[in-house]
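Asks: Before I ask anything, let me first share the structure, which is written out below as structure tokens.
Numbering (the numbering used here), first residue to last: 582 to 868.
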């Protein structure tokens, strides 16, 4: 439970850092690449084994970080595009609703059993995500833009499901730091390739402000994955419970942080979502 709580806190800090990017006018794409490099270096620092490049590249799990690294930068750009054309709320709901994918994977692939109360908690969790994220009259997506949140939903869910798969099948405790590190390393490489191909390189500014912004994001980003894998290895909760609590707690805590630090206003619908989120966590965690 401690590992899960630390994963939630790390992910919530990511939300705070992203908010501060607007305040300090940090160039997001540059900071994102620095963030991935930082997260990779943190993992390499924490790894207690011998760093043997040939051994790492020959490991049974190496294709996972390669795949997830490319998926990380792809989903990030899809989330950015979704936020622009459909709104931040739509992107947030699509990302957090994706917990359905690893939950179903746990049930059908790993034969995890969910009680009626747990299923009720998961349904309440999805409801809470919608209500907390809904702004104004609710969440609406034009039909022509529907593919974007669908791709964010699938991409985010596949990332979580992949983390569960490699934790279950391939990783030893000692390999968790280096595995997490390699995910971010390949994400950084994918990001650099993306900048080289698609972006206007003349506008990219590798200044101290952008570097510090990336470092501030990279440290919690690494630990959000590291502690999530640790939580999945615990026998206290099923993977369905871990992903449900993780996603809903992040939404709930990020919302509360937004109120306290950034003076954000919540509607009655949003507060109802927070209350339902608390109830869903209690049901999933205790039963």
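Backbone N, C-alpha and C fix where the C-beta goes; we use that ideal spot for every residue, glycine too. What you are looking at is a predicted structure, and each value in this text was computed from that prediction instead of being measured.
(1) Helix, strand or coil for residue 644, going by three-state DSSP, please let me know.
(2) For the region 669-725, which segments carrying the beta strand (DSSP E) assignment without a break, of at least 3 residues, lie completely within its bounds, in sequence order?
(3) For my contact list, residue 683 and residue 760 are in at a C-beta cut-off of 8 Å; report their separation, rounded to the angstrom.
(4) Using the Cβ count rule (16 or more neighbours within 10 Å means buried), how would you classify residue 694?
(5) Classify residue 628 as helix, strand or coil using the three-state DSSP reduction.
(6) Start and end of the alpha helix (DSSP H) containing residue 851?
(7) Give the straight-line distance between the Cα atoms of residue 730 and residue 674, rounded to the nearest whole angstrom.
(8) For the pair the region 587-605 and the region 835-848, tell me if three or more CB-CB distances fall below 8 Å.
(9) Which parts of the region 775-832 are runs of the alpha helix (DSSP H), unbroken and 4 residues or longer, counting only runs that do not cross its ends?
(10) Measuring alpha carbon to alpha carbon, tell me which residue in 709, 607, 615, 665 is nearest residue 829.
(11) How is the alpha helix (DSSP H) around residue 583 delimited, first residue to last?
(12) For the structure I just gave you, are there three or more beta carbon pairs, one from the region 735-746 and one from the region 677-691, closer than 8 Å?
(13) Let me check understanding here. Comparing Cα to Cα, which of 676, 764, 773, 725 lies closest to residue 735?
(14) Assuming residue 825 and residue 702 are in contact, meaning their beta carbons sit under 8 Å apart, how far apart are those beta carbons, in whole angstroms?
(15) From 857, 697, 768, 728, pick the residue whose C-alpha is nearest to that of residue 653; which is it?
(16) Going along the chain, which unbroken runs of the beta strand (DSSP E) with 3 or more residues stay wholly within the region 740-767?
Replies: Judging by the given coordinates:
(1) Counted from its first residue, the chain shown places residue 644 at position 63. If DSSP states are grouped into helix, strand and coil, residue 644 belongs with the helices.
(2) Annotation: the region 669-725 contains no complete segment of the beta strand (DSSP E) (minimum length 3 residues).
(3) As a first step, residue 683 is located in the chain shown; it is residue number 102 there, counting from the start. As a first step, residue 760 is located in the chain shown; it is residue number 179 there, counting from the start. Not confirmed; about 17 Å, so no contact.
(4) Within the chain shown, residue 694 is the residue found at index 113, counting from 1. Label assigned to residue 694: exposed.
(5) As a position in the chain shown, residue 628 is number 47, starting the count at 1. In the structure shown, residue 628 sits in coil (DSSP, three-state: anything other than H, G, I, E or B).
(6) The residue given as residue 851 occupies position 270 in the chain shown. Residues 849-867.
(7) In the chain shown, counting from the first residue as 1, residue 730 sits at position 149. In the chain shown, counting from the first residue as 1, residue 674 sits at position 93. Going by the C-alpha atoms only, they are around 9 Å apart.
(8) In this structure the region 587-605 lies against the region 835-848, because at least three pairs of beta carbons, one per stretch, are closer than 8 Å.
(9) 789-814
(10) Here residue 829 refers to the residue found at position 248 when the chain shown is read from its first residue. Sorting 709, 607, 615, 665 by C-alpha distance to the C-alpha of residue 829 places 709 at the top.
(11) By 1-based counting over the chain shown, the position of residue 583 is 2. 583-605 is the span of the alpha helix (DSSP H), which, as asked, contains residue 583.
(12) yes
(13) Within the chain shown, the letter at position 154 stands for residue 735. Here the closest residue by C-alpha is 676.
(14) The residue you call residue 825 lines up with position 244 of the chain shown. The residue you call residue 702 lines up with position 121 of the chain shown. About 7 Å; that satisfies the 8 Å criterion.
(15) Taking the chain shown and counting its residues from 1, one reaches residue 653 at position 72. Residue 653 has its Cα closest to that of 768, out of 857, 697, 768, 728.
(16) none
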